[in-house]
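Worksheet for the structure shown next.
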Amino acid sequence: MPNPLRRLLVVTAVLVCSAGTVHPLSLTPTRMTVNPSAPFQINNRLRNPIVWQNFGTWLMMTEDLTTGRVCYYYEYNNKSKVNLKTAQVGTWVPLGSAIKWLMFVDYVQGQNRLMAHDVDWHADHVAVSSTQPQIGCGFAGTNCYYGQYRAARVGDHYPVDIYYLSMKDGSYGPVCISDSEKSDFAHDGTLMVYRAHYGPGDDRICGRYFAGGSEFTIANTNAIHPTVCGSLVAWAEASGGGYRIMGKDFLTGDTRVIAYTKANPPCPEAGRGAIFWEDARSTRLTGLDIYGYDWAARKEFPVTTAAGNQVRLRVCDNLVTYVSGNLGYEILWGVTF
1 MPNPLRRLLV VTAVLVCSAG TVHPLSLTPT RMTVNPSAPF QINNRLRNPI
51 VWQNFGTWLM MTEDLTTGRV CYYYEYNNKS KVNLKTAQVG TWVPLGSAIK
101 WLMFVDYVQG QNRLMAHDVD WHADHVAVSS TQPQIGCGFA GTNCYYGQYR
151 AARVGDHYPV DIYYLSMKDG SYGPVCISDS EKSDFAHDGT LMVYRAHYGP
201 GDDRICGRYF AGGSEFTIAN TNAIHPTVCG SLVAWAEASG GGYRIMGKDF
251 LTGDTRVIAY TKANPPCPEA GRGAIFWEDA RSTRLTGLDI YGYDWAARKE
301 FPVTTAAGNQ VRLRVCDNLV TYVSGNLGYE ILWGVTF
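Written out as structure tokens, the structure reads:
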């Protein structure tokens with residue numbers, strides 16, 4: 001039977017980073033404006049936990065159990081859990097949920113497809129039929145956004161166009177048509193950012209607002225893992241066997257080299273007024289650590305330098321999450337700032 005609690009919870013779409021009104025950030029060095037809390041345990045005895053999104057204190061998570069990947073909401077103050085999808089083999093990626101649909105991307109019928117999971121009856125459906133591969137972009141309100149490859153090649157690549165799918169009425173259509181091959185999407189509920197390949201030697205970090213408008217260039221660089229929160233965008237650029245962690249306030253145009261790390265992947269994450277990354281400077285002593293950079297104060301600070309590797313960094317607005325420990329006994333940690 002349908003679970004009314006589950007229906008109540010999924011009526012709100014979850015966001016990667018719940019940014020509020022965007023304000024230009026000061027370029028003048030000031031005192032530290034980011035004050036990270038001490039790390040606290042969110043949950044333990046986990047198997048490959050990944051935090052994908054959050055709204056408030058609810059986290060959308062997956063775990064890779066011996067029977068397959070599961071997806072659920074977890075409220076870390078009251079330790080409440082609401083299951084969204086039972087175990088399914090594979091590394092399918094959840095995008096968000098609304099009404100009663102959990103949207104995800106999986107390899108089905110010979111290609112990557114946008115899928116819809118009915119959380120009441122636990123049934124999967126192909127969301128939008130296509131002969132072309134589809135990739136996930138994000139979720140805003142009750143619309144799911146996805147990319148779809150074109151059949152015709154342009155230069156050295158196949159372009160990816162962005163479409164929306166309404167959870168309310170099932171309508172869908174294009175929202176961003178350009179000749180770039182788009183990948184590595186992230187968003188904060190207002191703006192989506194992604195890698196855009198236009199041709200040989202022409203790689204960029206681009207953005208497009210959910211509310212409308214055209215694709216615009218944030219940085220002309222061949223970078224990985226762009227993320228956004230408010231007006232801050234972070235990404236990583238390969239350099240000398242490691243990565244430069246980069247940040248940009250795209251409202252002011254201020255671009256900075258934040259740090260250098262040999263952590264692979266470096267996982268740069270934009271948060272509210274700060275940028276975070278996985279850092280390998282003390283690998284021989286403590287393993288991989290998590291560091292942050294206060295944008296307004298222009299200062300670096302440690303988030304955790306605990307023994308062992310701290311990995312799978314995610315930042316949602318003012319919450320940092322990461323994982324430590326061995327498979328099956330992993331601990332999910334949180335830090336607020």
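Under this note's numbering, the residues of the sequence shown are numbered 1 to 337, in order.
Where is the CB? At the ideal position from N, CA and C, for every residue including glycine.
Taking 8 Å as the cut-off, the Cβ atoms of L313 and E278 count as close. For L285, the three-state secondary structure derived from DSSP is helix. Look at the beta carbons and you see the segment 217-228 not touching the segment 168-177: under three pairs across the two are nearer than 8 Å. Comparing alpha carbon positions, the residue from T86, V320, R204 closest to V34 is V320. Annotation: the continuous beta strand (DSSP E) that includes H197 extends over 191-199.
One thing to note: T304 has its Cβ within 8 Å of the Cβ of P39. The C-beta distance from R150 to Q134 rounds to 12 Å, too long to fall under 8 Å, and the pair is not in contact. Here R153 is exposed, its C-beta having fewer than 16 other C-beta atoms within 10 Å. By the criterion of a C-beta distance shorter than 6 Å, T227 is surrounded in its chain by A186, A234, E269, A270, once the five residues flanking it on both sides are discounted. For I99, DSSP assigns no beta-bridge partner whatsoever. Restricting attention to beta strand (DSSP E) runs no shorter than 3 residues, the segment 294-336 encloses them at 299-304, 311-316, 319-324, 330-336, ordered along the chain.
At the C-beta level, M192 and G138 come within 8 Å of one another. Following the DSSP letters along the chain, one finds E215 in no beta strand (DSSP E), marked with neither H nor E. Counting only residues of its own chain and dropping the five nearest sequence neighbours on each side, Y72 has a CB closer than 7 Å to the CB of M61, K81, V82, N83, L84.
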